[in-house]
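This report concerns only the one structure given below.
Protein chains: 2
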Amino acid sequence: MHIDCFVTHVGLRERDARDKVIVVIDVLRASTTICTALSNGAKEVIPVNSIEQAMQLSSDLFADTTIVCGERGGVKVRGFDLGNSPREYTPGTVKGKSVVLTTTNGTEALVKSRTGSQILVGCFVNVSAVTEALANINEDLLVVCAGREQRFSLEDFYCAGMIINGIRETRNAEDTTVSDTASVAEITFRNYSDDPVKVLKDAAHGQSLIELGFEEDLHFCGEINRVPVLPVYHEGRITIHTA
Amino acid sequence: MHIDCFVTHVGLRERDARDKVIVVIDVLRASTTICTALSNGAKEVIPVNSIEQAMQLSSDLFADTTIVCGERGGVKVRGFDLGNSPREYTPGTVKGKSVVLTTTNGTEALVKSRTGSQILVGCFVNVSAVTEALANINEDLLVVCAGREQRFSLEDFYCAGMIINGIRETRNAEDTTVSDTASVAEITFRNYSDDPVKVLKDAAHGQSLIELGFEEDLHFCGEINRVPVLPVYHEGRITIHTA
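Residue numbers (the working numbering), protein chains in the order written: chain A, 1 to 243; chain B, 1001 to 1243.
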């Protein structure tokens, strides 16, 4: 098993993702929102790149079964049902619904990863479920950090390091190689802080969310294993993996 | 002073670089080669993106005063005078010459940084000269890692961390802020290893150069302050900064 990591989806080509097991990380907040929606009974999450696509998929024809959700600049898109705060995705709002989701960073990372053989969604709230699922695979693993505004983000890279470190601790060292990026992600996890909420507060993205009034989201998104589901992206839809 | 860092030149736009002080890092090997060429008496280094541009600039008209140099895939371009090993850039080959240089990663990073207010070339062999020059500036600093094949590279990111750490140690903490990327670069420098040659040997790029027969270059490129010059890129040419 070789473990590689992209610090953002920028530069990620179809051929980089093809036939690899992939975990897409967007801690703030798409991955966390997806876990929460599915855990609270959403039928599926459908990630799309544009507001236009989201509107088309949630046209009046499907209004009873679909909600259209997402953000631009951290804030709910005008006319959408929900924004991108995981705290909005309660059973009352999502149970039985198809959630069409478009966000600035995370949904693009997911769509770009679609040539992978298996695509998981990871973040702090489901980190153990993801790590355990990946620890015993034989294929190569690609960890795709969503990043922020096409740039490196501390929180996704730190979470990548947490997952990579967890995988390496359970595997035979000789069976597992890591790329430069994966190695540095692990160093970042081991040396930055052992408190994910502190990581989120230090991160530029976290500071921006605090300014927008979403500080409570950092505590939600930073709680390890709060929402221990394993979302899998397959043929355009994200659902909970069932063994 | 705010310190930011790009892990590769991919995604670096003119407006990101504009009016910032920039240091471009390509440890393996363009930055090291540029330092060595200038230290050994080259009149200037002219970085260009393509083999075609290099050929045009070194046409017969200028054959007496110009040498055309660079690599693709780590190996000297057919018909060029020199490759990209700093050990080739001896006084006997470069003294008094204009060196037209095209490499896979470093020259593109330089050309993309050209809207900066001041552009330095950094690596291990001149790290103290660069760090001292940057420690007292008042403008914002952008550290541009060349990376490798448009991806993150350990050696450039570690060197970025070494420079950022050096700057922060000499400045008042309240006057200096760092981005997520710059912060993680510093963590990488502090925690990876204190031996730059080990960093180069661990890096995927270093391993590739060893396979190509350039192991000796890693010892050259990893020697701190071996070539203590301060190359400045201005109006298309790199020359040694003179106070």
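Note that the Cβ used here is the ideal one computed from N, Cα and C, for glycine as well.
Small disclaimer: the values here were computed from a predicted structure and weren't measured.
Three or more pairs of CB atoms, one per stretch, sit closer than 8 Å, so the region 219-230 of chain A contacts the region 18-33 of chain A. The three-state reading of DSSP puts residue 1127 of chain B in helix, counting H, G and I together. The shortest C-alpha to C-alpha distance from residue 123 of chain A to any of A:67, A:196, A:203 and A:96 is the one to A:196. Chain-order list of chain B residues neighbouring residue 183 of chain A: 1154 and 1202, by C-beta distance under 8 Å. Taking one beta carbon from each stretch, the region 145-153 of chain A and the region 91-107 of chain A have 3 or more pairs nearer than 8 Å; the two touch. 1148, 1150, 1151, 1152, 1153, 1154, 1155, 1157 and 1158: these are the residues of the region 1139-1166 of chain B whose beta carbon lies less than 9 Å from some beta carbon of chain A, given in chain order. Fully enclosed alpha helix (DSSP H) runs of no fewer than 4 residues occupy 1106-1112, 1127-1135 and 1154-1170 of the region 1098-1175 of chain B, in order along the chain. Sequence-distant partners of residue 1188 of chain B (beyond 5 residues in either direction) whose C-beta falls short of 7 Å from its own C-beta, in its chain, are 1157, 1158 and 1161. With contacts defined as CB atoms closer than 8 Å, residue 1192 of chain B and residue 1110 of chain B fail to qualify as a contacting pair. Taking the C-beta atoms as reference points, residue 1045 of chain B is found no nearer than 8 Å to residue 1130 of chain B. A contact between stretches requires three or more CB pairs, one per stretch, nearer than 8 Å, and the region 34-50 of chain A meets this requirement with the region 111-121 of chain A. DSSP places residue 181 of chain A in the uninterrupted alpha helix (DSSP H) bounded by 180-192. One alpha carbon belongs to residue 202 of chain A, the other to residue 1209 of chain B, and they sit about 37 Å apart.
Cβ-Cβ distances below 6 Å link residue 179 of chain A to 4 in the same chain, with the five nearest sequence neighbours on each side left out; the list follows chain order. Counting C-beta atoms within 10 angstroms of its own C-beta, residue 71 of chain A has 16 or more neighbours from the protein chains shown and is therefore classed as buried. Contact check between the region 1009-1021 of chain B and the region 1133-1148 of chain B: three or more CB pairs, one atom from each, fall below 8 Å, which counts as touching. For the 8 Å CB-CB criterion, residue 1116 of chain B and residue 1043 of chain B do not form a contact. Membership of residue 34 of chain A in the alpha helix (DSSP H) is indicated by the continuous run 30-39. The secondary-structure analysis by DSSP pairs residue 71 of chain A across a beta bridge with A:76. Residue nearest to residue 1235 of chain B within the set B:1064, B:1166, B:1118 and B:1212 is B:1118 (criterion: CA-CA distance). When the Cα atoms are used, residue 241 of chain A and residue 87 of chain A turn out to be separated by approximately 22 Å. Listed along chain A is no residue with a C-beta nearer than 9 Å to that of residue 1222 of chain B; the closest approach is about 16 Å. Between residue 1164 of chain B and residue 1182 of chain B, the gap from beta carbon to beta carbon is short of 8 Å.
Considering only A:238, A:184 and A:81, the residue with the shortest C-alpha distance to residue 1007 of chain B is A:184. No Cβ of chain B is located within less than 8 Å of the beta carbon of residue 233 of chain A. For the C-beta of residue 1084 of chain B, not a single chain A residue is nearer than 7 Å; the gap to the nearest is close to 20 Å. A straight-line Cα-Cα distance of about 25 Å links residue 55 of chain A and residue 212 of chain A. Interface residue (Cβ-Cβ distance to chain A less than 8 Å): residue 1031 of chain B is not classified as such. Using beta-carbon distances, residue 187 of chain A counts as an interface residue toward chain B, with a partner under 8 Å. Of all alpha-carbon atoms in A:41, A:169, A:175 and A:82, the one lying nearest the alpha-carbon of residue 138 of chain A is that of A:175. Here residue 1033 of chain B is buried, its C-beta having at least 16 other C-beta atoms within 10 Å. By the Cβ neighbour-count rule, residue 96 of chain A is exposed, with fewer than 16 other Cβ atoms within 10 Å of its own. In this structure, residue 1094 of chain B keeps its C-beta atom at 8 Å or more from the C-beta atom of residue 1172 of chain B. Against chain B, the beta carbon of residue 179 of chain A has neighbours under 7 Å at 1204, listed in chain order. A Cβ-Cβ distance of about 6 Å is found for the pair residue 1231 of chain B and residue 1038 of chain B, placing them in contact under the 8 Å criterion.
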